[in-house]
Amino acid sequence: MLVLDRIGKTYPNGVRALDGVTLRVGQGEIVAIVGGSGCGKSTLLRAASGLDAPTDGTVTLDASEIREPHEKIGIIFQEPRLLPWLTVAGNVGFGLAQLPKPERQQRVAAALDRVALSDKAAVWPRELSGGQAQRVAIARALVTRPSVLLLDEPFSALDAFTRVELQDHLLDLWAESRPTLVLVTHDIEEALVLADRVVVMRPHPGRIAGSIDVISSRPRDRISAVFEEQKRRVLNLLDSTLLRRRPSPALEADYSI
Amino acid sequence: MSVVAATMQKVAAEALTVGRPRRSVLRARALLGLAVPVALAIGWELAVWSGLVSGRLVPPPSIIFATFADLAAAGELQRHAAATLLRVGVGFGLGVAAGTMMGALTGYSALAHRLLDPSLQGLRAIPSIAWVPLFILWFGIFEASKVILIAVGVFFPVYLGVMGAVLSVDRKIVEVGRAFRLSGFALVRRILLPAVMPAYVLALRAGLGLGWMFVVAAEFMGASEGLGFLLTDGQQLGKPAQIVAAIVAFAVLGKATDWIIAGTAAPFLRWEDAFARR
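One line per chain: the protein sequences are C and H, in this order.
Under my numbering, the letters of the first sequence match residues 1 to 257, in that order.
Under my numbering, the letters of the second sequence match residues 1001 to 1278, in that order.
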């Protein structure tokens, strides 16, 4: 279990980005964190990854405290962040340097097969489309077999078609080994398609405003009445906590979802 | 293992063998670079032989080639070129080693940057030729002072290039290394070094150019052999063909050594998403 216990973060300039955020994520659970810009979603994810230590509180994974990047925790950023001097295969195998070469090649080939990019193994990152590059980033994060995968708005830079395709792809990959997924997103539909639980944050400083369990089974129909109802519930929570006013019918249009 | 899996592994293993231009294309590009000097040489030759210019102070290519041939037949060209190449080679090696080390240190460590960079920038502002009298006093008139002068010339472009490149490495790329638990030397080897490689190669080429510039100054300091000596000898004895021959030898050697660096580095830079890749 991944436990973020009373996490607080104050930047050197005095800005309090997070305050007393507690979140428990069970093994194999998918949790989506949504909220407006500046509510500390990414800061929380970076604290969970060990990249940025929190000022207060602790992060633990299966009772081990996380103070720096951990082999059991993978992270996927908003941009693919592929290393341009390595081929696709080199990027996917980047975290496997300690393995013998035959095993590394086998794992890389299998990972590329899972993201349907076996034919791109030898190409440079500059030759990939945005969606392909992000699939390579996913393969790179999953090839080390993490028990927790953190995703910081991983599909936000992609077009709508590619985004939907990759969301489905991520679920397929998750179903194979069922790692814990913590996803930060601006996209409420994305959160509802992927997550078992949607956590809503509010800003200044970032705190958890509430959470909603997504009870419908996968695959989720984006145009069903159940989906719309869940979307309305998330929006209501955002409305009442983030915007600090009562829900209104115009709100959905404001969010462009 | 299935055929599909074996094929996928083969593709993954061959990941470094992509996208090289054909040999004929490379040859055509090299020949294109010779077009301007060859055209100028032919033009000058024709101008002299037609009597439009005298060619006394700037001899035509045929005379220069003849001088080349005479110097080569006597073994003089090889001896002087070897002496110059040795000086440039040793000075370049020393300058690159020191520049790389100091550039990496001041780029990687904020403390080292604050401590050392102001002094080094101050030293950089001194015209390198101004060191000549001091170097002669310190290291004598022979090889040491010449090699050190060349090393000083090479040091600063390499130092600046490496430091600037390390400082400008994308923080997000470094973060990828950190996410995979790299730190210290492993982070330098697997992230910083490849990331700075294009800028490093440029710095080496700039350093080499200055190395060739400084070897002339060094050999003017009083050498008994070297292409710089051929220049001063030609000036004192009124032999312009020898001067031009020495200048051409500098050009050929300078270009050849630059090609060696560029050619050696090219396989490591094929990943660049550069404007020039067209």
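Using N, Cα and C, we set each Cβ at its ideal position, and we do this for glycine too.
Keep in mind the model is a prediction, meaning the values are calculated, not measured.
What residues in the stretch 1192 to 1205 of chain H bring their beta carbon closer than 8 angstroms to a beta carbon of chain C? P1194, A1195 and M1197
Using DSSP with H/G/I as helix, E/B as strand and the rest coil, what is E65 (chain C)? Taking the first residue of the first sequence as 1, we reach residue 65 (chain C) at position 65. Of the three classes helix, strand and coil, the one that applies to E65 (chain C) here is strand, per DSSP.
Within 8 angstroms of any Cβ in chain C, is that where the Cβ of K1172 (chain H) sits? Taking the second sequence and counting its residues from 1, the one referred to as residue 1172 (chain H) is at position 172. K1172 (chain H) counts as touching chain C.
For V3 (chain C), which residues of its own chain have a beta-carbon under 6 angstroms away from its beta-carbon, when the five flanking residues on both sides are left out? On the first sequence, position 3 is the one that residue 3 (chain C) refers to. Contacts found: R24 and T60.
Residues within the stretch 1160 to 1186 of chain H neighbouring chain C, beta-carbon criterion of under 8 angstroms: Here the close residues are K1172, I1173, E1175, V1176, R1178, A1179, F1180 and R1181.
Less than 8 angstroms between C-beta atoms, sequence neighbours within five positions excluded: which residues of the same chain meet that for V1058 (chain H)? Mapped onto the second sequence, residue 1058 (chain H) falls at position 58. So the qualifying residues of the chain are W1044, P1240 and V1244.
Contact set between E71 (chain C) and chain H, taken where Cβ atoms lie within less than 7 angstroms: Counting from 1 along the first sequence, the entry for residue 71 (chain C) is found at position 71. Within chain H, the residues near E71 (chain C) are R1181.
Please compile the residues from chain H whose C-beta is within a distance smaller than 7 angstroms of the C-beta of F155 (chain C). Within the first sequence, residue 155 (chain C) is the residue found at index 155, counting from 1. By Cβ distance, chain H contributes nothing, its closest Cβ being about 17 angstroms from F155 (chain C), past 7 angstroms.
Give every residue of the same chain whose Cβ lies closer than 6 angstroms to the Cβ of I1141 (chain H), excluding the five residues on either side of it in the sequence, and list them in chain order. On the second sequence, position 141 is the one that residue 1141 (chain H) refers to. Correct list, in chain order: G1222.
Contact with chain H by S129 (chain C), beta-carbon distance below 8 angstroms: Residue mapping note: residue 129 (chain C) aligns to position 129 of the first sequence, counting from 1. Taking 8 angstroms as the CB threshold, S129 (chain C) stays off the interface with chain H.
Mind reading off the beta-carbon distance from I30 (chain C) to A195 (chain C)? Whole number of angstroms is fine, and I expect it under 8 angstroms. For the purposes of this step, residue 30 (chain C) is taken as residue 30 along the first sequence, with counting starting at 1. For the purposes of this step, residue 195 (chain C) is taken as residue 195 along the first sequence, with counting starting at 1. Between A195 (chain C) and I30 (chain C) the Cβ distance is about 5 angstroms, and since that is below 8 angstroms, they are a contact.
Under DSSP, the beta strand (DSSP E) around V25 (chain C) begins and ends at which residues? Start at 1 with the first residue of the first sequence, and residue 25 (chain C) comes out as number 25. Where V25 (chain C) is concerned, the enclosing beta strand (DSSP E) stretches over R16 to V25.
May I ask whether a heavy atom of the ligand ADP can be found less than 7 angstroms away from the beta carbon of M201 (chain C)? Among the components modelled here there is no ligand, and therefore nothing to report on the ligand ADP.
Contacting residues, own chain, Cβ-Cβ under 6 angstroms from R46 (chain C) (five flanking each side not counted): Reading the first sequence from its first residue, position 46 is the one you call residue 46 (chain C). The residues are D52.
With a threshold of 8 angstroms between beta-carbons, can S49 (chain C) be considered close to chain H, or not? Sequence index remark: in the first sequence, residue 49 (chain C) carries index 49 (1-based). Yes, S49 (chain C) counts as interfacial toward chain H.
S1054 (chain H) versus V1048 (chain H): straight-line alpha-carbon distance, rounded: By one-based count along the second sequence, residue 1054 (chain H) stands at place 54. By one-based count along the second sequence, residue 1048 (chain H) stands at place 48. The alpha-carbon atoms of S1054 (chain H) and V1048 (chain H) are separated by roughly 6 angstroms.
8 angstroms contact criterion, which P203 (chain C) and D19 (chain C) should meet: CB distance rounded: The residue given as residue 203 (chain C) occupies position 203 in the first sequence. The residue given as residue 19 (chain C) occupies position 19 in the first sequence. Rounded, the Cβ-Cβ distance is 10 angstroms, inconsistent with contact.
Do A32 (chain C) and V148 (chain C) have their CB atoms nearer than 8 angstroms? Translated into positions along the first sequence, residue 32 (chain C) becomes position 32. Translated into positions along the first sequence, residue 148 (chain C) becomes position 148. No, the pair does not count as a contact, with Cβ atoms beyond the cut-off.
Under 8 angstroms between C-beta atoms, does I138 (chain C) make it to chain H? The residue given as residue 138 (chain C) occupies position 138 in the first sequence. Taking Cβ atoms only, chain H never reaches closer than 8 angstroms to I138 (chain C), which makes this a no.
Chain C beta carbons: is any one of them nearer than 8 angstroms to that of D1258 (chain H)? If you number the second sequence from 1, residue 1258 (chain H) lands on position 258. No, no contact with chain C.
Considering only their Cβ atoms, is the gap separating P154 (chain C) from Q132 (chain C) smaller than 8 angstroms? Within the first sequence, the letter at position 132 stands for residue 132 (chain C). Within the first sequence, the letter at position 154 stands for residue 154 (chain C). No, Cβ-Cβ distance for Q132 (chain C) and P154 (chain C) is not below 8 angstroms.
Skipping 5 residues on each side, what residues in its chain have a beta carbon closer than 8 angstroms to that of I1173 (chain H)? Numbered from its first residue, the second sequence carries residue 1173 (chain H) at position 173. Once the five neighbours on either side are set aside, the close Cβ partners of I1173 (chain H) are I1191 and A1195.
So which residues of chain H does E29 (chain C) contact, with C-beta pairs closer than 7 angstroms? As a first step, residue 29 (chain C) must be located in the first sequence, where it is residue number 29. Under the 7 angstroms cutoff, chain H gives no residues; its nearest Cβ is about 22 angstroms from E29 (chain C).
Whole-Å CB distance - G1103 (chain H) paired with V1162 (chain H), under 8 angstroms assumed: If you number the second sequence from 1, residue 1103 (chain H) lands on position 103. If you number the second sequence from 1, residue 1162 (chain H) lands on position 162. About 3 angstroms separates the two Cβ atoms, so the contact holds.
Does any C-beta atom of chain H lie closer than 8 angstroms to the C-beta of I75 (chain C)? Along the first sequence, one-based indexing puts residue 75 (chain C) at 75. I75 (chain C) counts as touching chain H.
Could you tell me the distance, in whole angstroms, from the CA atom of L166 (chain C) to the CA atom of A48 (chain C)? As a first step, residue 166 (chain C) is located in the first sequence; it is residue number 166 there, counting from the start. As a first step, residue 48 (chain C) is located in the first sequence; it is residue number 48 there, counting from the start. Answer to the nearest angstrom: the Cα atoms are 23 angstroms apart.
What residues in the stretch 1228 to 1258 of chain H have a beta carbon less than 8 angstroms from any beta carbon of chain C? none
Could you pull out every residue in the same chain whose Cβ sits closer than 7 angstroms to the Cβ of R178 (chain C), ignoring the five residues on either side in sequence? Indexing the first sequence from 1 puts residue 178 (chain C) at position 178. Counting only Cβ-Cβ distances below 7 angstroms, and skipping sequence neighbours, we find G28.
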